[in-house]
Each structure stands twice: as C-alpha cells, then as structure tokens.
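Chain order of the listed sequences is A and B.
Residues in the first sequence are numbered consecutively from 1, following full-length UniProt numbering.
Residues in the second sequence are numbered consecutively from 1, following full-length UniProt numbering.
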Amino acid sequence: MRRALAVLALVAVLAIGALTSIAAPADAQDSLPPAPYAYRQLEDPEQEAKAQELMETLRCLTCQSQSIADSDASIAGDMRSQVRQRIMAGEEPEEIRQWLIDRYGDYISYKPVVKPLTWPLYIIPALVLLLAVLLLRRRFRRARRDGGEA
Amino acid sequence: MIAEIGLVLLWLAAALAMLQLLSGAWSLTGKDGTDELRAETAGMVRPVAVMQGVLAALSFAMLAWLFVRTDLSVLLVALNSHSDKPFIFKLAGTWGNHEGSMLLWATVMGLAGALVALVERRLPEKTIVATLAAQAFVSLGFYAFLLFSSNPFERISPVPADGNGLNPLLQDIGLAFHPPTLYFGYVGLSVAFSFAVGALITREVGPAFARAMRPWVLGAWIFLTVGITAGSYWAYYELGWGGWWFWDPVENASLMPWLAATALLHSAGVLAARDALRTWTIMLGVVAFSMSMVGTFLVRSGILTSVHAFAVDPERGSFILVLLAIYIGGALTLFGLRAATVTEGKQFAAVSREASLVFNNVALTAILAIVLLGTLYPLVTEAFGTRVSIGPPYFNPMGAVFALPMMVVMAIGPLLRWRDDRFGRVGRALILPGLATIAVLVATLVLAPGIGVLPLLGLALAVGLAIASVIPLFGRNLRRTPLPIWGMVVSHLGLAVAVGGMASESAFSTERLVAAQVGDTVTVGPWSIELAAVEPVAGPNWTALQADMQASYEGGAPTQMLPQSRTFTSPPQTTSESALHTRWNGQLYTVIGELGEDGRWQLRLWWKPFVPLIWLGGLLVALGGALALVGRIISGWRRQYQARRIAMRREERPVGDLR
C-alpha cells in the first residue's frame, strides 16, 4: 500500500513536473516599482493586525514555503498590497481569502479548506490516537494493588 | 589516484558490510552452541564491523583530501569547489553536496557500528551479532546508493580551468556544520533501530536492551535538538522578516525524527527502569528510524520542496523512494511479524510515573502524525489533481491540542512514583506552579486583553512548567543528585523557556514598516530609531548599502545598528542582512530595504520581547540531554567494571572454596 502510494505520488509528481516546466513564467514585473502597500502598514492598527493575520496564512507562490508576510519576492509584495487595500476598503479577511483561492486555487491558502479532500487531515490523527490507546490500554492495571506482574 | 583509492575503499567497505550482514544472519540460523562453525562465524562479525567503519572513514578522508587539494579532475570537486575558497569552506565542501553528504552518512554509520562492536558488552553476544547485521543491512543501502547512482569519485574530462564555486549564501560557517549535525542525529537513530531489530530477532527485549540503546538515542536526540535550534535561528536572522519557524517540509523533516526520538527516549527510560512498555519501545525505535530515513531521503530527493528538483533527476529520486520503501516496509514487516512474540512487560497504575510518560508518549506520537500528515498530504492531493498548502493554521492549533496538555503532565510526571501513586501525595508540591500559572493567566488577560488563546495558554503553562521542572531537585543533596536527574530538570526547564519565548514572540511582537529619509526618527515598541546615514560598503564578493541606525531604548544611550542590503554579482542576487540587538528582555530586529522613488528608504523594524528564549531554551534542552548522556555512560562503565571485577574474583578463587 505504502509502496503503491509512493509510486502513485511519483507518477503524479513527474507528470506535474513535466507540465509546469513547459509553462515557463516570464518574470517581467521585477523592474516595476513595488505596489503602494507592499512595504507600508495601514494607519488603523486594528485593520493592520487583521491584514497581518491573513497575510501570514497566504503562500508566496514563487518562494519556498514562505508566507507573503515574510518574503521579499515581488509577487508577495503585490499580494500584501492587495490584501491591505481590500482590508482598508472594509472587506473581511475570509472574503479576501476566498477571492484569492478563486483566482489562484487552494494552493494559495495555508489554511486547509475543510472538505472531503482534506478530511483525512483531521481523521488520521484521531485514528493514530485511537490506535495508541488500544496498544497501551492493557498496560494499565484495572484495580489497584493486584500485584500487576505480567 | 586519490579518487580511485577512495572508490576502491568504498567498494571494500560495501563488501565488508555485505559480509557482516551475511555472516551475522547465517550464524543466527543455527541452534545455540550446537554448531562450531556458526559460532566462529558469529565471532567474525565484530572485527568485520570495526574494519568496515575504518574503510568507510578512509574513503571519506580521500574525498576530503580531494576537496582540500581542489583536484578539479574530479567532477564533484569541480562542481562544488573553487581554488580561491578559504580552507574551511573547501573542507566543508566535502559534505556540502549530495554525494559527499551521503558518503558522510555511510561513514558516520560505519564508525557508529565499529563503536558498538568495540564497546558494547552488556547484551548477549547473539543480540549484538543481530544488531550489527541489521546495521550492515542499512549501511548496504547507502553503499549501493553511492556506488550505483551517486559516485562521489567520478572523474571529469577535460579538466576544467577552475571550479564552479559554492553559492555565496551557503558560505556561512553555521550552514557548513548544520547538515552534519542533523545527520549525526539520524545515524544515532539508525543505531537505535539496529538494536531494536537485534533485540526483536533474538527475543531479548528487556531492560538490558533499553540500557544499551539509550545512549545512542540520547546522543541522536542532542544532535537533533541542536540542529533544529540552530536551523531555526539561521532562518530567523538570515531571511530578514523575523520569522523563526515556517513549517517548511525541510524543517518538518528534522522535527519528525526529533519528536519520535523524544518519545523513544522516554519509553526506553521506562523499559530500562521498570521493564514495562516493551512492544511500544520497539515500535518507537522503528518509527524513529523511519522518520530519519524520511528526513534524509525525502529532502535529498527534492520531492517535498519542489517537483522540479525531483524531476531533474528521476533516476536518483526513484532509487531513493525504493530504498525508503525497503527500509520502512522491511522494518514494519519485521515488527509486525515479531511484535506478538514480545511479552508485554510489567503493568502499572493509572496514576504513576509510567502512566504520565505513556500519556506524553501518545501525545508526541499524535503530534508526529500531524506533522507527517501535514507534510505529505499535499503530495497525495497533488496525485488527485488538486494542489493544497498546509501551513501554520493547521499545524499550530492541531499541535497545541496535544502539546499543551503534555506540558501539564510534564509538570506532574517527574514528581510521581513508579508503578503506583496518588495525586494527593504530590498535590502540595504542585500548589506553587499551579498558582503561578493562574497568576500569569489572569495578569496577561488584564494587561493584554487582545491576546490569542494559544500564546496565552503557552505563556501561562510555560511559567508553571518552569517552576515545576525544578521541584524534583527540592530536598535532594544537590552534590549527590545523579547527573541524569539534572539532565531531566534542565531539559524540562529548557522546554518551558522555549515555549515561553514562542508565546511571547507571537503575542507581543511589534512590527513597523516605514519609508524614512536620512535624519528621520521612527519608533517601534519602546525603541526610537534614527536613520543617521546610508552608505555603500563592499565585501569580498558583494557590495552593499549599509544603514547606520541609532537605536535608543526608552530614551537611553543610543546603540548603533548596521543592517545591510547586499548585492552579489555571481550569481546576481540581493539579500537583506538584518542587524539584531539583544537585551535581557528581547531583541530589536532591523532591516533596510530598497530606496523608493521619493528618496525614502524602506525600513522594517521589529521589537520582539523575549524572543531569544526560544533558542536559549532549545540549547538548555540539548544541555540537559548531554548531562544525562554523560551520567548514563559513566554509570554504564562503572557497572561493566564491577561486573568484570566480580568475574575476575570468581576466577581467582579455586572452585573448591565456593562449596
């Protein structure tokens, strides 16, 4: 099963690798000046805190495992600016997240959307816990002072 | 010539590993003492293991020599070194690449096997033979990988004029020693695994096995702790945004073996002291080893971080995946086949030290499952055509569900007696930490009402645990307290300190992103910072713009901060070099960004109260491990020495006297 999964994953990865290497991105935006709110905080500390919290859970698409809140990449700057401007305009963080997901896919959000595809993320830890309890249950003595030698 | 000698030595080491495996396995097939040939073969295993370690070490020394001489006719050297590099980076270049690091792995593993062969006399000979055979099996995989798909000694023709050099960013003394630190940890866990296999095969799962295995687990755990702590600090100061943990697959790959090793360490302690948790300890040995393999190979294959990195060299990646499947699959199969033959060991009451250790073992296992799942799940969904990201919003709360109760149990557990106890007996000792926890909880809620739930609980429990962790020392003669007890106290205190730092950082950090002209003064938290000047400076292979900031804490005398924005020429790259200032109550973090069109500089400033506690705590945890390790080794020697003296006395005395 494990092996089959590994091979399956391998095949998938190779396929996606081949696809993505065809579509080479053109990085022309680097020369443009950064978006207005890329490196500027919002005036209202409450709004800024909201924006910050959201930015920490959005993936910087060109970086390696960094959120847009801690990246120098230009796309991260543009997205920070987007997020701050939308927050300033009164949008709710989850609305903005949804807008970004609609545009870029689930990949952009570090917060896994709870749907059938991601149920195992919550079910499997529970199963592990159950298994551990079953394995160890018999280690406990039922009644006190019954000798307890195995 | 050196390269060819190195390759020959590597082949010889591999051949000896094969001999070690076969002779060990064959000698175990016969019945006890009935077959002299088998007994002789078994006697061969130890010397072969020693020799294998020596040969692997010599082979690695050859590669190091090639790097120090910068022999450009060797492909690996040409790709990763340069004649102008300083000596230390030439040497570090030996393992700063894929092939070299794999050779280092095999070498350290060979040397560890040699050490086991030389010094371990506590276990029955059969168990040691089985252990060394298992060790040889694991080593063989690495040798095969090196010889068939990652030969470090390959020649290149024509010989290039000079080497490619090393990515300037990687020429950092911390980075040169970070990967080997983690590798030592992984190797230690593989030795622990070999012991588990040896004990399983020869049905010797008991306290003696736990005592023999424990120093290896401890050693591995210390290296992993130091490696993770150092890696986190490196990310913190180098990436320039003040983050210190990203739940990056590479970080997770080092965290998972650590979690497994932590659980294994504690359950081995129960097995050694109380002969309980036999099956569970063996299972954790298998899991810890699997996690270190995942750590080594999945990161090496590149499959986790980037699909491109994997697709560039699918042959090597497939080799890695097959190897991984053989190791983990084999380990799990053996466990499945033999687990039933291990009797379960002693039982204990629901309130006892064993029970508290079991609770935390289960919690650690659950956290491990969460991290593993969160790391691998994106791969699985990718297979179904959806790319998802799993990050802090999953890991933090899910991990905390188990980590926070674990801290409560950590505070109580060391006070409980083995086997059976009552809460009433330890209740009084817990009044102080309990009150401290509540006081911090209330005070934080009053002073910082907007604080998040996790930082709040983390802060309160950290204070309570810090106090509770030193209680085991009360009423003891401190000079006669055994080192392992000191180790436990220091490690638990270290964990409390680290959690306190994390909670404080996430709750109380203040961030300031501003555009400032030279001469402007900006405030962040209690600091006021004047941008005094921005000047160009030059280094050996970079130029930089350096800001001169005068930072003053609550109007005190100013401290100079010199963050830089560095530009490297080859390869062209700009990096932010942050400047940090540490006070007893926190750290000021300053970064200079780009110059805007309006002539103002982008500055990023953070005041992070108590953030250094995170790494200080990590180091304390490692220090506690080191104390325990030294204590265990000394007591092990003492026991062996006494056993030998008793044996000698028996020999000296004529048999007749005994009657």
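Built from N, CA and C at the ideal position, the CB exists for glycine as well.
_Chain-ordered chain A contacts of B:Phe246 [CB-CB under 7 Å]_ = In the second sequence, the residue the question calls residue 246 of chain B occupies position 246. Ordered by position in chain A, the residues that pass the 7 Å Cβ test against B:Phe246 are Ser65 and Gln66.
*Is any beta-carbon of chain B found at less than 8 Å from that of A:Thr62?*
Stepping through the first sequence from its first residue, residue 62 of chain A is reached at position 62. False, the Cβ-Cβ gap to chain B never drops below 8 Å.
*How would you label A:Ala26, buried or exposed, when you count the other beta carbons within 10 angstroms and need 16 or more for buried?*
Position 26 of the first sequence holds residue 26 of chain A. Reliability of the predicted coordinates at A:Ala26 is poor, the pLDDT of 36 falling under 50, and no value is obtained from them.
*asked:* Give me the chain B residues within the contact set of A:Lys111, using Cβ-Cβ distance strictly less than 8 Å, ordered along the chain.
replied: Along the first sequence, read from residue 1 onward, the residue named residue 111 of chain A stands at position 111. Ordered by position in chain B, the residues that pass the 8 Å Cβ test against A:Lys111 are Gly391, Pro393 and Tyr394.
*asked:* For B:Glu36 and B:Val77, I'd like the C-alpha separation in whole angstroms.
replied: The count along the second sequence starts at 1 and reaches residue 36 of chain B at position 36. The count along the second sequence starts at 1 and reaches residue 77 of chain B at position 77. Straight-line spacing of the CA atoms in B:Glu36 and B:Val77 works out to 49 Å.
*Counterpart residues of A:Leu58 in DSSP-defined beta bridges*: Here residue 58 of chain A refers to the residue found at position 58 when the first sequence is read from its first residue. Paired residue(s): A:Ser109.
_Residues of its chain near B:Thr341, where Cβ-Cβ distance is below 7 Å and the 5 sequence neighbours each way are ignored_ = Here residue 341 of chain B is taken as the residue at index 341 of the second sequence, counted from 1. Around B:Thr341: Arg203.
*Which residues in chain A sit within 8 Å of B:Gly370, going by Cβ to Cβ distance?*
Indexing the second sequence from 1 puts residue 370 of chain B at position 370. The displayed chain sequence assigns Ile, not Gly, to residue 370 of chain B. Neighbours of B:Ile370 on chain A, chain order: Pro125.
*Starting from A:Gln41, find everything on chain B with Cβ-Cβ shorter than 9 Å and list it in chain order.*
Counted from its first residue, the first sequence places residue 41 of chain A at position 41. Glu511, Arg512, Leu513 and Val514, listed in chain order.
*Could you tell me which residues DSSP puts in a beta bridge with B:Lys608?*
As a working mapping, residue 608 of chain B is identified with position 608 in the second sequence. B:Lys608 is bridged to B:Gln587.
*Coarse secondary structure for B:Phe348, derived from DSSP in three states*: Residue mapping note: residue 348 of chain B aligns to position 348 of the second sequence, counting from 1. DSSP, read as helix, strand or coil, puts B:Phe348 in strand.
*asked:* So that I know if they touch, is there some Cβ in chain A lying closer than 8 Å to that of B:Ser576?
replied: Position 576 of the second sequence holds residue 576 of chain B. Cβ-Cβ to chain A under 8 Å: yes for B:Ser576.
_Partners in chain A for B:Leu103, counting only beta-carbon separations shorter than 8 Å_ = Residue 103 of chain B sits at position 103 when you count from the first residue of the second sequence. None at all; the shortest Cβ gap to chain A is about 25 Å.
*May I have the straight-line CA-CA distance separating A:Ile101 from B:Arg425, to the nearest angstrom?*
For the purposes of this step, residue 101 of chain A is taken as the residue at position 101 of the first sequence. For the purposes of this step, residue 425 of chain B is taken as the residue at position 425 of the second sequence. The straight-line gap from Cα to Cα measures roughly 55 Å.
*Tell me which same chain residues have a C-beta within less than 6 Å of the C-beta of B:Gly345, skipping the five on either side of it?*
As a first step, residue 345 of chain B must be located in the second sequence, where it is residue number 345. Asp275, Ala276 and Arg278, listed in sequence order.
*Give the interface partners of A:Ala51 over in chain B, defined as CB-CB distance under 9 Å, in chain order.*
The sequence position of residue 51 of chain A within the first sequence is 51, counting from 1. Simply none; closest approach about 11 Å.
*Return the Cβ separation of B:Met109 and B:Ser190 in integer angstroms, given the expectation that the two are a contact with Cβ distance under 8 Å.*
Sequence index remark: in the second sequence, residue 109 of chain B carries index 109 (1-based). Sequence index remark: in the second sequence, residue 190 of chain B carries index 190 (1-based). Confirmed, about 6 Å.
*Leaving out five residues on either side along the sequence, give the residues of the same chain with a beta carbon under 7 Å from the beta carbon of B:Met44.*
Taking the second sequence and counting its residues from 1, one reaches residue 44 of chain B at position 44. Ser23, listed in sequence order.
*To the nearest angstrom, how far is it from the Cα of B:Trp247 to the Cα of B:Arg649?*
Here residue 247 of chain B corresponds to residue number 247 of the second sequence, with the count starting at 1. Here residue 649 of chain B corresponds to residue number 649 of the second sequence, with the count starting at 1. Using only the alpha carbons, I get a separation of about 58 Å.
*B:Tyr553 lies in the beta strand (DSSP E); which residues open and close that run?*
Within the second sequence, numbered from 1, the residue matching residue 553 of chain B stands at position 553. Unbroken beta strand (DSSP E) run through B:Tyr553: Trp542 to Tyr553.
*Given B:Phe193, which residues of its chain have a CB within under 6 Å of its CB, disregarding the five upstream and five downstream residues?*
Within the second sequence, the letter at position 193 stands for residue 193 of chain B. The residues are Gly285 and Phe289.
*Let me know the secondary structure DSSP gives residue 672 of chain B once reduced to three states.*
One cannot answer for residue 672 of chain B here, as it falls past the ends of chain B, which runs 1 to 659.
_CB of B:Leu164 within 8 Å of CB of B:Asn80, strictly_ = In the second sequence, the residue the question calls residue 164 of chain B occupies position 164. In the second sequence, the residue the question calls residue 80 of chain B occupies position 80. The sequence shown places Asn at residue 164 of chain B, not Leu. Result yes, Cβ atoms of B:Asn164 and B:Asn80 sit closer than 8 Å.
*In chain order, what residues of the same chain lie with their CB nearer than 6 Å to the CB of B:Ala14, ignoring the 5 residues before and after it?*
Counted from its first residue, the second sequence places residue 14 of chain B at position 14. These residues qualify, in order along the chain: Tyr143.
_Could you check whether the Cβ of B:Tyr641 sits closer than 8 Å to any Cβ belonging to chain A?_
Taking the first residue of the second sequence as position 1, residue 641 of chain B is located at position 641. Closer than 8 Å: no.
_As assigned by DSSP and simplified to three states, the class of B:Ala516_ = Counting from 1 along the second sequence, the entry for residue 516 of chain B is found at position 516. The three-state secondary structure of B:Ala516, taken from DSSP, is strand.
*What residues from chain A crowd round B:Phe348, counting only those whose CB sits closer than 9 Å?*
Locating residue 348 of chain B in the second sequence gives position 348, counting from the first residue. Result: Arg139, Phe140, Arg141 and Gly148.
_Against chain B: residues of the segment 65 to 93 of chain A by CB proximity under 9 Å_ = Shown in chain order are the members of the segment 65 to 93 of chain A whose Cβ falls below 9 Å from a Cβ of chain B: Ser65, Gln66, Ser67, Ala69, Asp70, Ser71 and Asp72.
*Please state if the CB of B:Ser73 and the CB of B:Ile156 are separated by a distance shorter than 8 Å.*
To locate residue 156 of chain B, count along the second sequence from 1; it is residue 156. To locate residue 73 of chain B, count along the second sequence from 1; it is residue 73. Yes. Within cutoff.
_Per-residue DSSP class, three states only, for residue 687 of chain B_ = Given that chain B is displayed from residue 1 to residue 659, the structure contains no residue 687 of chain B and the question cannot be resolved.
_Strictly below 7 Å CB to CB, what residues from chain B border A:Val128?_
If you number the first sequence from 1, residue 128 of chain A lands on position 128. Neighbours of A:Val128 on chain B, chain order: Thr365, Ala366 and Ala369.
_C-alpha gap between B:Trp221 and B:Leu324, whole angstroms_ = Here the question's residue 221 of chain B lines up with position 221 in the second sequence. Here the question's residue 324 of chain B lines up with position 324 in the second sequence. If you draw a straight line from the Cα of B:Trp221 to the Cα of B:Leu324, it comes to about 22 Å.
*Would the beta-carbon of residue 701 of chain B fall within 8 Å of that of B:Phe423?*
There is no way to answer for residue 701 of chain B, as the model of chain B reaches only from 1 to 659.
_Closest to B:Leu118 by C-alpha separation, out of B:Trp105, B:Gly53, B:Leu104 and B:Val68, would be which residue?_
As a working note, residue 118 of chain B is residue 118 in the second sequence. Residue B:Gly53 is the option with its Cα nearest to B:Leu118.
*asked:* Distance cutoff 8 Å, beta carbons only. Does A:Arg97 sit that close to anything in chain B?
replied: Walking along the first sequence from the start, residue 97 of chain A turns up at place 97. Taking Cβ atoms only, chain B never reaches closer than 8 Å to A:Arg97, which makes this a no.
*Is the Cβ-Cβ distance between B:Leu9 and B:Leu58 less than 8 Å?*
The sequence position of residue 9 of chain B within the second sequence is 9, counting from 1. The sequence position of residue 58 of chain B within the second sequence is 58, counting from 1. Yes, they are a contact pair.
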